[in-house]
């Protein structure tokens with residue numbers, strides 16, 4: 052479902068005539084897919100919104116999910132902690148494959164080390180550093196006028212290195228917040244021929260209860276582990292389960308409608 056939905060909502064495929072091919076022969080056209088998406092959205096609106104947040108970082112869908120939280124809270128039993136909306140927002144992030152605050156430093160480090168941009172930055176910095184070492188060697192035997200020129204050159208190289216690193220750092224901070232996909236294995240779970248050590252072969256940075264606790268602490272939303280274990284963690288787990296069930300229902304409805312369209 053997610054692949055077809057992405058195609059349907061991607062402007063690059065707006066002129067797509069068919070996806071898989073005519074009615075009655077197993078071929079599905081764009082209008083039929085749009086109809087299936089619409090019916091799935093009607094059957095499981097929160098599941099549809101969660102999928103749109105997951106696939107397209109849809110801010111409007113996220114706002115609708117947050118707005119649906121109070122109604123969901125009325126259906127559950129158990130204590131409701133203070134700052135419940137913020138706790139549920141963490142659950143939404145986890146369910147839709149977005150990193151939470153405690154995961155960001157690790158993801159940022161991995162992006163700087165393994166992303167194409169990070170590797171390009173490292174290569175550029177090495178080139179600048181080589182030129183820097185050569186220039187500093189030349190300065191040892193340079194005349195006063197040559198020394199002044201080389202000093203300016205060294206200064207420009209140091210500035211170039213600083214810009215490269217600051218640019219990478221700024222980009223990695225933004226990119227880390229967009230997806231929990233493992234930067235090392237690119238989501239495959241395999242690095243080389245072995246399971247990826249950074250994500251333990253999962254392909255993504257999976258939030259643990261400790262990550263959630265640290266995130267809540269970082270946001271100033273929990274005072275201690277007892278409060279977290281008795282109030283926040285059960286609530287967040289229930290919210291994640293609700294969202295995953297809604298997404299599954301949305302996809303199940305979509306596939307059922309698509310099967311009907313093929314026959």
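In my numbering, the protein residues as written are 52 to 314.
By construction, the Cβ of each residue, glycine as well, lies at the ideal position given by its N, Cα and C atoms.
From a predicted model like this one, the values you see are computed outputs, not experimental measurements.
Beta-bridge partners of residue i, as assigned by DSSP
i: residue 175; result: Looking at the DSSP assignment, residue 175 forms no beta bridge with any residue, so it has no partner.
i: residue 255; result: 232
i: residue 212; result: In DSSP, residue 212 forms no bridge with anything.
i: residue 245; result: 242
i: residue 86; result: Residue 86 pairs with nothing; no bridge assigned.
Buried versus exposed, by CB contacts within 10 Å (16 or more), residue i
i: residue 249; result: buried
i: residue 121; result: exposed
i: residue 308; result: buried
i: residue 156; result: exposed
i: residue 218; result: exposed
i: residue 116; result: buried
i: residue 191; result: exposed
i: residue 118; result: exposed
i: residue 72; result: Bear in mind that the predicted position of residue 72 carries a pLDDT of just 47, short of 50, making it unreliable; the figure below should be weighed with that in mind. Label assigned to residue 72: exposed.
i: residue 163; result: buried
i: residue 93; result: exposed
i: residue 266; result: buried
i: residue 291; result: buried
i: residue 170; result: exposed
i: residue 277; result: exposed
i: residue 188; result: exposed
i: residue 74; result: Any reading at residue 74 is ruled out, since the residue's pLDDT is 46, under 50, leaving its predicted position unreliable.
i: residue 209; result: exposed
Supposed close pair residue i, residue j - CB separation, criterion 8 angstroms
i: residue 95; j: residue 312; result: With a Cβ gap of about 18 angstroms, residue 95 and residue 312 do not count as contacting.
i: residue 142; j: residue 287; result: 5 angstroms
i: residue 298; j: residue 101; result: 5 angstroms
Residue of the options minimising C-alpha distance to residue i
i: residue 279; options: 295, 261, 100; result: 261
i: residue 228; options: 159, 263, 146; result: 159
i: residue 129; options: 114, 110, 266, 283; result: 283
i: residue 236; options: 302, 78, 298, 167; result: 167
Legend entry - Stretch-stretch touch, CB-based, cutoff 8 angstroms, three pairs: the region 197–207 with the region 180–189: These segments touch.
Legend entry - Given 8 angstroms, three or more beta-carbon pairs between the region 263–276 and the region 132–141: Segments in contact, yes.
Inset, instruction - Report yes or no: do the region 148–155 and the region 208–220 share at least 3 C-beta pairs separated by less than 8 angstroms? - result: Touching, no.
Inset, instruction - Evaluate the contact criterion for the region 82–102 versus the region 247–266: three or more CB pairs, one atom per stretch, below 8 angstroms. - result: No contact exists between the region 82–102 and the region 247–266.
Legend entry - Three-pair Cβ contact test at 8 angstroms for the region 184–198 versus the region 220–234: The answer is no - the region 220–234 does not touch the region 184–198, with fewer than three Cβ pairs under 8 angstroms.
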